[in-house]
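Please read the structure below before turning to the comments.
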Amino acid sequence: MVTAAGPLDPSSVDLSMDFAGLSLPHPVMVASGCFAYGEPYARFFDLRALAGIATKGISPAPRAGNPVPRIWETAAGMLNSIGLENVGAEVFLREKLPFLADLGVSVWVNFFGEDFDAYVACARALDRGKDRIDVLEMNVSCPNIQKGGIEFGMVPEVAHDLVRACVAVTDIPIVVKLSPNAQDNVAIADAVRSAGAVGVSLINTVTGMAIDVRTRRPRLATTYGGLSGPAIKPIALRIVHQVHRALPDLPICGMGGIRTGEDALEFVLAGARCIQIGTANFAEPTVALRVLDELRRLCAELGIARLADVVGDVRPWPAEPAWKEARV
Ligand code: SIN
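Residue numbers (our numbering): 70 to 397.
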């Protein structure tokens, strides 16, 4: 819809967003697991153009991750089973965080643990970086590890208790990254909100599989992995929309298959206050710059002077059937 005022000058469009008190110059971030700890991408573009960077998931101790093969490209995305390989909290704070903090962009440190106590220990350890970390993005949605990860994000009461325990040991705001594999995403989002999370990241990968018919082996050494990329965008949009509609005051960071400015605007209309680009970084390391430019131009074309004004502004059809609610 173009407003009565008609198309605007792109430079006049206000893309700024408030996310739980965090002022972002625009909504375009990069997603955990798809941008390392930032530094390798600095040779492709000036990372200060980003609104923020979500790091690879950090655990209390370093992890080597899963055996290979652990990546498989699919028709419209990617299956991964990295197994949360990372340098661990100590090395992250000492060797990786200073680079990120010096950029001046919003730093979201994704973290997890293999059990309840390890989550809490990790939140406590990362709190030592509180002057340089804007958000702890708590990962209760990784489908690729045997202990921890998704098992903490499937049942509202379990997620609630874990988030509450982590919130108690850090001053850094916690945003919880949720799984599309959960049965009731609204119930989980509500549970983590009531436990003190300031927002949610929606969505992590969808569990999937691919098979090599010649060897008859799964394409991934762990058999199953997480599907990301354009294939999951409709699922992500549906969940962002459902959670925003049920909990309109809960800030949502949207992700899942974003690779154009139009994709980003869809997520904002569904209810996201910021977005993260993930899988697309592997094929196009500068994709975030293009998405940002396209988003600005698209807003200008559609007469959207202030992006924040259209968060959640997707319009229902006049006769939306009630059964849609019951079925998803
Ligand atoms: C992985 O490292 O296996 C992927 C991370 C995630 O799905 O959260």
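Beta carbons: idealized from backbone N, C-alpha and C, even for Gly.
Buried versus exposed, by CB contacts within 10 Å (16 or more), residue i
i      : result
Arg286 : exposed
Asp332 : buried
Gln252 : exposed
Pro136 : exposed
Trp141 : buried
Lys216 : exposed
Val282 : exposed
Ser81  : exposed
Ala145 : exposed
Ala123 : buried
Thr348 : buried
Ile280 : exposed
Glu206 : buried
Ser92  : exposed
Pro212 : buried
Arg328 : buried
Pro385 : exposed
Ala388 : exposed
Pro109 : exposed
Arg365 : buried
Pro76  : exposed
Gly90  : exposed
Any non-hydrogen atom of the ligand SIN within 7 Å of residue i CB
i      : result
Ser150 : yes
Gly217 : no
Thr274 : yes
Gly295 : yes
Pro212 : yes
Leu153 : yes
Gly146 : no
Gly222 : no
Gly298 : no
Gly372 : no
Asn208 : yes
Gly102 : yes
Gly347 : no
Gly90  : no
Gly126 : yes
Option nearest residue i by Cα separation, candidates the options
i      : options                           : result
Asp230 : Ile304, Asp184, Arg197 and Gln215 : Asp184
Phe168 : Met147, Leu367, Gly126 and Ile202 : Ile202
Glu363 : Val380, Gly381 and Glu335         : Glu335
Val236 : Val255, Pro225, Met223 and Arg262 : Arg262
Lys302 : Asp318, Arg288 and Thr274         : Thr274
Thr276 : Glu206, Arg384, Leu289 and Val204 : Leu289
Pro249 : Gly265, Glu220, Leu172 and Ala234 : Glu220
Ile214 : Ile151, Pro131 and Val312         : Ile151
Arg112 : Pro225, Leu119 and Pro354         : Pro354
Arg132 : Pro242, Ala369 and Asn155         : Asn155
Asn208 : Ala305, Leu271 and Val97          : Leu271
Asp318 : Leu116, Gly325, Met324 and Val309 : Val309
Val204 : Gly268, Gly157, Met147 and Arg117 : Gly268
Val383 : Leu361, Val360, Arg366 and Leu306 : Leu306
Lys165 : Ala105, Ala377, Phe180 and Leu296 : Ala105
Ser85  : Phe114, Gly121 and Asp196         : Gly121
Leu316 : Ala170, Gly294, Ile257 and Thr292 : Ile257
Asp200 : Ala170, Ala187 and Phe180         : Ala170
Cβ distance (whole Å) where residue i is taken to contact residue j below 8 Å
i      : j      : result
Ala357 : Ile346 : 5 Å
Ile127 : Val178 : 6 Å
Pro129 : Gly182 : 6 Å
Val337 : Val380 : 6 Å
Phe88  : Arg342 : 5 Å
Pro299 : Ala260 : Not really, about 30 Å apart at Cβ, beyond 8 Å.
Val232 : Val245 : 6 Å
Ile304 : Met324 : The pair is not a contact, with the Cβ atoms about 11 Å apart (cut-off 8 Å).
Arg117 : Val174 : 6 Å
Asn350 : Val97  : Not confirmed; about 12 Å, so no contact.
Ala194 : Ala234 : 14 Å between Cβ atoms; not a contact.
Gly265 : Ile243 : 7 Å
Val227 : Val189 : Not confirmed; about 14 Å, so no contact.
Leu247 : Gly222 : 6 Å
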